[in-house]
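What follows is a short report on a single structure.
In UniProt numbering, the protein residues as written are 1 to 125.
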């Protein structure tokens, strides 16, 4: 969900054979990529994985040539690179919100995500 000057735009989608973390990364990247010009962005996510990765962990990954602290390749590296590139174009502040806690916008994007998954599954029938 994007909001600018009181106008909201909802986006959704899905993929087969994916993970929650990949979809969380994809959603954040696509939201930032959809902005037509550099913007000040307040991005709210219920994914600590996304918020911590973009605000804390990625500097170490890059320094270690995309390896995590254990020396293993970073999971979802393709999407992390995509998100980092999209993040560079904007002045983004990242906020974590507890999922399923009654925050109306978070509840709505959960509904959109569920519908996106259902639509993808139905398209395969």
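Glycine included, every Cβ here is placed at the ideal spot set by N, Cα and C. Please read all numbers here as calculations on a predicted model, not as lab measurements.
Counting every other CB atom within 10 Å of its CB across the protein chains shown gives residue 40 a total below 16, marking it as exposed. The continuous stretches of alpha helix (DSSP H) do not include residue 90, and DSSP gives it neither H nor E. If you compare the alpha carbons of 26, 50 and 67 with that of residue 116, the shortest gap goes to 26. Within the DSSP secondary-structure output, residue 7 pairs in a beta bridge with 4. Unbroken beta strand (DSSP E) stretches of 3 residues or longer found wholly inside the UniProt domain "RNase H type-1" (1 to 118): 2 to 4, 7 to 9, 40 to 45 and 91 to 96, given in chain order.
Approximately 27 angstroms separates the beta-carbon atoms of residue 35 and residue 100; this is outside 8 angstroms, ruling out the contact. By the Cβ rule, the segment 59 to 74 does not count as touching the segment 4 to 17, because fewer than three pairs are nearer than 8 angstroms. Using a Cβ distance threshold of 8 angstroms, residue 60 and residue 80 do not count as a contacting pair. Residues of the same chain with a CB within less than 6 angstroms of the CB of residue 93, apart from the 5 flanking positions on each side, are 42 in chain order.
Counting only residues of its own chain and dropping the five nearest sequence neighbours on each side, residue 46 has a CB closer than 6 angstroms to the CB of 97, 99 and 106.
Distance from the CA atom of residue 7 to the CA atom of residue 112, rounded to whole angstroms, is 17 angstroms. Separation of the CB atoms of residue 29 and residue 2 is rounded to 13 angstroms, and the pair is thereby denied contact status at 8 angstroms.
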